[in-house]
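Each number in our numbering corresponds to the 1-based position in the sequence shown with 171 added.
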Amino acid sequence: MTVKTLATVGAVLVALSTLTACGNTIRGIGQDTANTVNATQSAGKKVANSVN
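Below, the structure written as structure tokens:
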């Protein structure tokens, strides 16, 4: 293989790993947001139940 081919393959691998990391981060943010919403709703229900 030539240097140009190796450089291209290396660049593609770096790009793919970067995109994979971004996808995992976005998925994690979505899960964190869902957990926050669930915790807030649960706290609201506890407050409502304690008032009644």
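For glycine and all other residues, C-beta sits at the position ideal for the given N, C-alpha and C.
According to DSSP, is residue i helix, strand or coil?
{"i": "Asn195", "result": "helix"}
{"i": "Asn220", "result": "helix"}
{"i": "Val173", "result": "Here residue 173 turns out to be Thr, not Val, going by the sequence shown. Of the three classes helix, strand and coil, the one that applies to Thr173 here is coil, per DSSP."}
Give the straight-line distance between the Cα atoms of residue i and residue j, rounded to the nearest whole angstrom.
{"i": "Ser221", "j": "Asn209", "result": "18 Å"}
{"i": "Ala237", "j": "Ile197", "result": "Outside the displayed span of the chain (172 to 223) sits residue 237, for which this structure offers no information."}
{"i": "Val183", "j": "Gly199", "result": "24 Å"}
{"i": "Val180", "j": "Lys217", "result": "56 Å"}
{"i": "Gly201", "j": "Gly194", "result": "11 Å"}
{"i": "Val185", "j": "Thr191", "result": "10 Å"}
{"i": "Asn206", "j": "Thr173", "result": "50 Å"}
{"i": "Ala214", "j": "Thr189", "result": "38 Å"}
{"i": "Lys175", "j": "Leu187", "result": "18 Å"}
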